[in-house]
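Just so we're aligned, residue 16 is where the sequence shown starts under UniProt numbering, counting upward by one. All C-beta atoms, glycine included, are put in the ideal place defined by N, C-alpha and C. Data block below; observations after.
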Amino acid sequence: PAVIRREDYTAPAWTVPTTTLDFALDPAVTRVRARLSVERSGAHDLPLRLDGAGQRIVSVAVDGVSVNEWRIEGEQLVLPLPGDAHVIETEVEIAPERNTQLMGLYASGGNLCTQCEAEGFRRITYFPDRPDVLSTYSVRMTADKARFPVLLANGDPVAQGDNDDGTHWAEWHDPFPKPSYLFALVAGDLAVNRGTFTTRSGRTVELGIWVREADLPKTDHALHALKLSMAWDERVYGREYDLDVFNIVAVDDFNFGAMENKGLNIFNSRYILADPDTATDYDYDAIAAVVAHEYFHNWSGNRITCRDWFQLSLKEGFTVYRDQGFSADQGSAAVKRIEDVRGLRAGQFPEDASPLAHPVRPESYLEISNFYTATIYNKGAELIRMMATILGPERFRAATDLYFERFDGTAATCEDYVACMEEAGGVDLSQFRLWYSQAGTPRVSVSLEHEPGSGRATLNLAQKVPDTPGQSNKQPQVLPLKIRLFGAETGEALTDEQLVILSDASASVTFETIPERPIVSLNRGFSAPIVIESDRTAADLAFLARHDDDPFARYEAMQQLMLDTLVAATIEGKADHEAVIAAVADTLDNPELDPAFVAEAVLLPSESFVGDQMSTVDPNAIHDAREALRRDLGRELEARWRTAYEAGSGRAYAHTPEDKGRRRLRNVALGYIAASGAADAAKLAYAQFADADNMTDRQGALTTLVGTHSEERDAALDIFYQRYQGNSLVLDKWFQTQALSSADDTPQLVAELARHPDFSLANPNRARSLIGAFGVNQRAFHAEGGAGYRWLADQLIALDALNPQTAAKLLPPLGRWRRFDPTRAALMRAELERIVAHPGLSKDLFEQASKSLE
Ligand code: HT7
Ligand code: ZN
């Protein structure tokens, strides 16, 4: 397959000011008539090139006359044109119900819907399918009225009517020029939860959440989140919605979380549907975050889009940053930051240390769908956060205002964004730009010296950006580090919080009049997305875990203490648990702390995160070390866990921040009670499972039970399955909980579950719930003998034939072979080689597997 390179970008040779589409919708064969006004851009004699795939061409006409002077070159229709402006008409046929890739127009649950980002529009009709060709769309759809009573598209509705033959039609017009990837239509039998939002300038926007009738009661949370998002974007970024309607449709078969099509967002149903019986507190928060994310794209993505796909982080990094800000404002900002950093460390740091590492603005790709990554999204958001930190809130807002004003209606670049930050922020970001071009997570070593006589303290910092594929000997980056010193004796803050910008390979910062031995609180709020190696002792970390006034730094000190303890136990086999136990006890005893924060702070780092700290990962040793620490924490603090457990019990369900926090801590406490080996643990978990009036408690109990070998485990799994048969989102949880289990029999169980009648590769959520979860279960996936690797490769090859994008997303666990012992590494490589050699492999999976072998 051809490599696409950023340096090869050229502006479009032809523009398409207007596009008119006419769909005769039918799941078996849909006929698409397209009418494009095209204009030559600049002086050249290049033909018009339209992208297209998977279509039967019926006719091509230029200025109303059918023509034959066109040719197909690969995935392009090439049409020489004599003049500077023409009208091109094409008629094609496509087959939505045979579309298993879920890109373009496809069928889901009997309805028809589209997914066009990144290159799905070319599966609907021939078009310059690139984000810098902006066109104004008018759409007409005709479909059987009984089967597809609802017809939706982008923009505002214009007209609708019935035909004599049982079909009906609708016309929609979107006045905002947009790239083809934002095109959408939906035809289906759907019910709607309607609302309205009055914008700050007094316009009324009709809101609609469209789902199947039976799911209507589960849509209030999403509708509420949408209204909150609209108000938040006006208040925080001054961004007002611009159409008269905003519709969201939920579908069960979807390759991603959701899609921000102009005025017609299409969502994976897992990010819309919620009621207490079927959705956890985590699900509720994720729904609000994704609804906000897609809504915020209306400005950061739609009004200003990307010039080319190398600029993807321009819209995704910024929009993640915006949705993180929204979520932080809805509840505890500290807990939100902890969750986001946990996610970054679980998803992006390993990617940055893998053969698939790439810069936030990549240089090349084979298949753009493979670049919807944690690096583009989450590291991209951290880059925006660092610029916001450097500028401060007022200048950052001035800079985003400038960006929105200057680039509204255009396809922009990451460089355009940074230039606005520089101009309105009055700062020089020349060196900061390296964050966009250099991959890898910078590592910073930190030591602190103190001369008691002079009272001078010196903080020594040194940074190194690790080598990544195709990049070595990297330059130092700009690291905004928030720091504060605390007195080791008194616990007093010895300085204010300071922002130190480390831009050289090494630097020292001095502090005068420091009366006692200081302890440094570092990278507060996780102000830079880096790894810190510091000379802080276990006692220093325990001290910060107790005294730091920055909740994130407090959490971080606790995590570092736990991590150091687990790494030492894994490598040296020494189980010195005292400091962790004391710090956890302290945290549990502190009545001033928010239970949601406590629940995060007392959780041990995951097995994979411990593995990420080691040059060679030993999955069994890590598991044993972590279980031993869990057991000791459970035993030593059993009374406290039971108190925390009781404090969260006996309350009727309420979806308030306080109750969510109590539920979270109660489930963590239950896990520790079980880890202690307490005789009544399975019974306690089972009672919680049986009595639960909400999914958070039910799934929390099930997770604990699934890790035990007990009658209760089998009973609970069975009851859960029976109760939720037919509810695919909850059955995903049933598959996922088992695939994530730390029980010894997980590999066998997962192989059996793949043969379960409810398992299907055709539904991406279901495939991810089993295959994706198993791939991140470090101990089970890496069980000796390599059966897990073989199983994953078999699943990916089978899935690739149906849905290459989803298959490719599930490959990365196999690519981490360099981090394992030679036996495991050889087994993993053998499976990657088998995948690469498979006949008919998609370019999606080929790219991921072949790069993973390099
Ligand atoms: N911008 C959307 C990306 C997306 C996507 C990408 C590839 C394949 C399918 C997809 N569905 C949605 C989602 C977002 O970031 O908001
Ligand atoms: Zn997005």
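Helix, strand or coil at residue i according to DSSP, with G and I counted as helix
i           : result
residue 493 : coil
residue 851 : helix
residue 140 : coil
residue 192 : strand
residue 241 : helix
residue 352 : helix
residue 147 : coil
residue 543 : coil
residue 287 : coil
residue 159 : strand
residue 78  : coil
residue 686 : helix
residue 710 : helix
residue 222 : strand
residue 11  : Here the chain comprises residues numbered 16 to 869, so residue 11 is not present and cannot be evaluated.
Residue i versus residue j: straight-line alpha-carbon distance, rounded
i           : j           : result
residue 781 : residue 788 : 10 Å
residue 503 : residue 521 : 26 Å
residue 476 : residue 459 : 7 Å
residue 623 : residue 697 : 26 Å
residue 262 : residue 403 : 32 Å
residue 240 : residue 279 : 16 Å
residue 142 : residue 305 : 29 Å
residue 167 : residue 158 : 12 Å
residue 525 : residue 463 : 10 Å
residue 865 : residue 374 : 18 Å
residue 618 : residue 578 : 11 Å
residue 423 : residue 300 : 30 Å
residue 604 : residue 677 : 15 Å
residue 51  : residue 103 : 5 Å
Pair within 8 Å by beta-carbon distance, residue i and residue j
i           : j           : result
residue 119 : residue 145 : no
residue 820 : residue 384 : yes
residue 192 : residue 244 : no
residue 797 : residue 839 : yes
residue 162 : residue 186 : no
residue 868 : residue 847 : yes
residue 627 : residue 370 : no
residue 56  : residue 85  : no
residue 514 : residue 500 : no
residue 790 : residue 746 : no
residue 724 : residue 702 : no
residue 303 : residue 342 : yes
residue 649 : residue 621 : no
residue 10  : residue 659 : Shown here, the chain extends from 16 to 869; a query on residue 10 therefore has no answer.
residue 320 : residue 152 : no
residue 873 : residue 812 : There is no way to answer for residue 873, as the model of the chain reaches only from 16 to 869.
Distance cut-off 7 Å: residue i Cβ against heavy atoms of the ligand HT7
i           : result
residue 818 : no
residue 395 : no
residue 121 : no
residue 270 : yes
residue 274 : yes
residue 426 : no
residue 312 : yes
residue 130 : yes
residue 687 : no
beta-carbon residue i near the ligand ZN non-hydrogen atom, thresh 7 Å
i           : result
residue 331 : yes
residue 334 : yes
residue 638 : no
residue 308 : yes
Where the alpha helix (DSSP H) containing residue i begins and where it ends
i           : result
residue 307 : 296–311
residue 330 : 327–345
residue 450 : 449–452
residue 584 : 566–587
residue 812 : 802–817
First through last residue of the beta strand (DSSP E) which encompasses residue i
i           : result
residue 462 : 458–466
residue 46  : 45–55
residue 32  : 29–39
residue 66  : 63–66
residue 172 : 171–177
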